[in-house]
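Chemist: Can you read through this structure? Questions will come right after.
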Amino acid sequence: MHRRYFPEDFIWGAATASYQIEGAYNEDGKGESIWDRFSHTPGKILNGDTGDVACDHYHRFREDVKLMKELGLDSYRFSISWPRVLPEGKGQVNEKGLDFYKQLVDQLLKAGIDPAITLYHWDLPQALQEKGGWANRDTAKYFVEYANLIFKELGDVVPLWITHNEPWVVSFPGHAFGEHAPGIKNYQTALQVAHNLLLSHGMAVQSFRQLGLPGKIGITLNLTPVYPFSDNEADQKACDLQDAFINRWFLDPIFEGSYPEELHQIYRKKVGEFIIKNDDLEIINQKIDFLGINYYLRLVVKHNPDYNIFGVETVKPEGREYTEMGWEVYPEGLYDLLIRLHKDYAPEALYITENGAAYQDQIDADGRVHDQKRIAYLKAHLKNAHRAIEAGVPVKGYYIWSLMDNFEWAFGYSKRFGLIYINYDNQQRILKDSAYWYRTIIAKNYIED
Ligand SMILES: OC[C@@H]1[C@@H](O)[C@H](O)[C@@H](O)c2[nH]c(CCc3ccccc3)c[n+]21
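Listed below in structure tokens is the structure:
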């Protein structure tokens, strides 16, 4: 068996997000979020599930940090619920909410685990949504005020900061397709939201620099390599458009200070304008210390003039494996993506801030969860991350999505991504076989293939 050793200082982590695990949705002064509002709206979430209780992490965080320590994690990526610390989104601070995060960080540091904080993982204060939410440019300003509050409270002990999680998902599923909170279906609004999110990212990075904090700051994007169904020109063109739609629309402003011109023209013609102010792109194009990548799948596309405004249809290749989300298992796509990012954008450092899979997990007669498919998925992706590192790509760490089963947005609790199984009837935590497997990988710092 060939041993693939990872760099000595490689960071082994796991990730979660506030709305998906915390619960206590209206406790200790927390304000309403747009996901509280969305999940309480009939018909939005499978089985009428909500994040009201979720994994009850708000009350059980000490037990959960003990489990992270048992796994030997180097780092734990989590997000802060903006309305838990600023119930109205701005102004009055909720000290009990802030205190929760200070205690969580304190428990992590005591356990020898580096906190990695995502400032925004989709749970906008509802009070700000009432003022237009991310479609309102002022929200960028309120985001920086919120970020500064957290920077000042935790900036000297937290080494890794992520401004936003997946602005593409916030923009399009949230404001064009209506599948995510706030459930808007307006493409032009989605483009303005994408821009204001990027602007808020750049402004927060500037503020982080001005505070002279010791940590590193970046952004996490869902990046999906796109492949043409055939090598005919129309399919290749469709592939380039889909790549611009998902990947370059965010990568180009952040790393080059400009939007992809061809796609911008299509949007001007078929969707309409969105407001860009004079030095916005200069602000967005702030140097970042790392790029966070959420990788799950690839897309295969073909040209179909009737399909959507791009004339691009995604296809499902035959004979491939798919996860419970219907996403193709394509580990080579992680290698291809990392090589492309290194070549085209050359980020100073890269973290895989999410990678994982939902499979049908159940507790067997022996009380264990034998999630062999998840182990195979994770191992195959780690192998490809390792190939990229050997090719010179500066991948510094890997965070599994997710530490524990949790609220999977519109799918509710029906999809399980965790290394730790959650029994929602009694909040019992059960380490799946993949958790024990990951513990040995972390301990040995190599995989065998
Ligand atoms: O779906 C699993 C996880 C979510 O639970 C996380 O909150 C979120 O950060 C997250 N993003 C993705 C990728 C979403 C995506 C799929 C396909 C195409 C574009 C984006 C998968 N996940």
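Our numbering numbers the first residue of the sequence shown as 214 and each following residue consecutively. Heads up, the beta-carbon is just placed ideally off N, CA and C, and yes, glycines get one too. These figures come from a predicted structure and were not determined experimentally.
#1: For residue 340, I'd like the list of residues in its chain whose CB is within less than 7 Å of its CB, leaving aside the five on either flank, ordered along the chain.
#2: Does the Cβ of residue 379 lie closer than 6 Å to at least one heavy atom of ligand 1?
#3: CB-CB under 8 Å to residue 357, same chain, minus the five flanking residues each way: which ones, in chain order?
#4: Can you tell me which of the three DSSP states residue 461 falls into?
#5: Do residue 229 and residue 615 have their C-beta atoms within less than 7 Å of each other?
#6: In the DSSP output, which residue or residues are listed as bridge partners for residue 441?
#7: Nearest by alpha-carbon distance to residue 331: which of 363, 312 and 353 is it?
#8: Quick check on DSSP: helix, strand or coil for residue 634?
#9: Residue 497 and residue 473: beta carbons closer than 7 Å?
#10: To the nearest angstrom, how far is it from the Cα of residue 536 to the Cα of residue 349?
#11: Where does residue 367 land, buried or exposed, given buried means 16+ other C-beta within 10 angstroms?
#12: Taking 6 Å as the cut-off, does the CB of residue 207 come closer than this to any heavy atom belonging to ligand 1?
#13: Based on the DSSP output, what are the partners of residue 224 in its beta bridges?
#14: So, is residue 648 buried or exposed, given that buried needs 16 or more other C-beta atoms within 10 angstroms?
#15: Here's the rule: buried if 16 or more other CB atoms are within 10 angstroms of the residue's CB, otherwise exposed. What is residue 402?
#16: Would you say the beta carbon of residue 509 is closer than 6 Å to some non-hydrogen atom of ligand 1?
#17: Taking only three categories from DSSP, how would you classify residue 617?
#18: For residue 392 versus residue 623, is the C-beta distance shorter than 7 Å?
#19: Give the range of the alpha helix (DSSP H) segment to which residue 528 is assigned.
#20: Is any heavy atom in ligand 1 found nearer than 6 Å to the beta carbon of residue 614?
#21: With respect to 6 Å, is the separation between the Cβ of residue 437 and the closest non-hydrogen atom of ligand 1 below this value?
#22: Please check if any C-beta of chain B sits within less than 7 Å of the C-beta of residue 258.
#23: For the structure I just gave you, are there three or more beta carbon pairs, one from the region 573-580 and one from the region 544-560, closer than 8 Å?
#24: Evaluate contact between the region 422-436 and the region 468-485, counting only Cβ atoms and requiring at least three cross-stretch pairs below 8 Å.
#25: Could you give the uninterrupted runs of the alpha helix (DSSP H) lying entirely in the region 321-376, keeping only those of 4 residues or more?
#26: Going straight from the alpha carbon of residue 597 to that of residue 475, what length do you get?
#27: Report the partner residues of residue 643 according to the DSSP bridge assignment.
#28: Please work out which residues of its chain come closer than 6 Å, Cβ to Cβ, to residue 262, disregarding the five sequence neighbours upstream and downstream, and give them in chain order.
#29: Quick one: residues in its chain with C-beta nearer than 8 Å to the C-beta of residue 489, no 5 flanking neighbours on either side, listed in chain order?
#30: Could you work out which residue in 267, 646 and 653 is closest to residue 639 when comparing CA atoms only?
#31: Going by Cα to Cα distance, which pick from 442, 355, 463 and 305 is closest to residue 382?
#32: Is there at least one non-hydrogen atom of ligand 1 closer than 6 Å to the beta-carbon of residue 329?
#33: From this set, 216, 231, 287 and 618, which residue's C-alpha is nearest residue 652's C-alpha?
#34: Measuring CA to CA, which of 609, 516, 400 and 284 is closest to residue 654?
#35: Within a Cβ cutoff of 6 Å, which residues of the same chain sit near residue 271, ignoring the five residues on either side of it in sequence?
#36: Could you check what DSSP says for residue 283 in three-state terms: helix, strand or coil?
Modeler: The answer reads as follows:
#1: Within the same chain, residue 340 has close Cβ partners 244, 301 and 302.
#2: Residue 379 has its Cβ nearer than 6 Å to a heavy atom of ligand 1.
#3: These residues qualify, in order along the chain: 413, 416, 417 and 420.
#4: Looking at residue 461 - three-state DSSP - the assignment turns out to be helix.
#5: Using a Cβ distance threshold of 7 Å, residue 229 and residue 615 count as a contacting pair.
#6: In DSSP, residue 441 forms a bridge with 514.
#7: The shortest Cα separation from residue 331 among 363, 312 and 353 belongs to 363.
#8: Judged by DSSP in its simplified three-state form, residue 634 adopts strand.
#9: Not a contact, by the Cβ cut-off of 7 Å.
#10: Distance between the alpha carbons of residue 536 and residue 349 is about 37 Å.
#11: Residue 367 is buried by the Cβ-count criterion.
#12: Since the displayed the chain opens at 214 and closes at 662, residue 207 lies outside it and no answer follows.
#13: As DSSP reads the structure, residue 224 sits in a beta bridge with 610.
#14: Buried, since its Cβ has 16 or more Cβ neighbours within 10 Å.
#15: In summary, residue 402 is buried, with 16 or more beta-carbon neighbours lying within 10 Å of its beta-carbon over all protein chains present.
#16: Flag set: Cβ of residue 509 near ligand 1.
#17: Reduced to three states, the DSSP call for residue 617 is strand.
#18: The answer is yes: Cβ separation under 7 Å.
#19: For residue 528, no alpha helix (DSSP H) encloses it; the enclosing beta strand (DSSP E) starts and ends at 525-528.
#20: Between ligand 1 and the CB of residue 614, the shortest heavy atom gap is smaller than 6 Å.
#21: For residue 437, the distance from the CB to the nearest heavy atom of ligand 1 is below 6 Å.
#22: In the structure shown, chain B cannot be found, because there is only a single protein chain.
#23: Output reads no: the region 544-560 does not touch the region 573-580.
#24: Touching, no.
#25: List check, alpha helix (DSSP H) in window: 339-342 and 351-367.
#26: Using only the alpha carbons, I get a separation of about 32 Å.
#27: Beta-bridge annotation (DSSP): residue 643 is paired with 634.
#28: Contacts found: 625 and 626.
#29: Excluding residues up to 5 positions away in sequence, 408 lie with their Cβ nearer than 8 Å to the Cβ of residue 489 in the same chain.
#30: The residue among 267, 646 and 653 with its C-alpha nearest the C-alpha of residue 639 is 267.
#31: Of 442, 355, 463 and 305, the smallest CA-CA separation from residue 382 is found for 463.
#32: Answer for residue 329: no, Cβ out of range of ligand 1.
#33: When only C-alpha atoms are compared, the closest one is 287.
#34: Minimum Cα distance to residue 654 is reached at 284.
#35: In its chain, beyond the 5 residues on either side, 235, 236 and 237 have a beta carbon closer than 6 Å to the beta carbon of residue 271.
#36: Under the three-state reduction of DSSP, residue 283 is assigned to helix.
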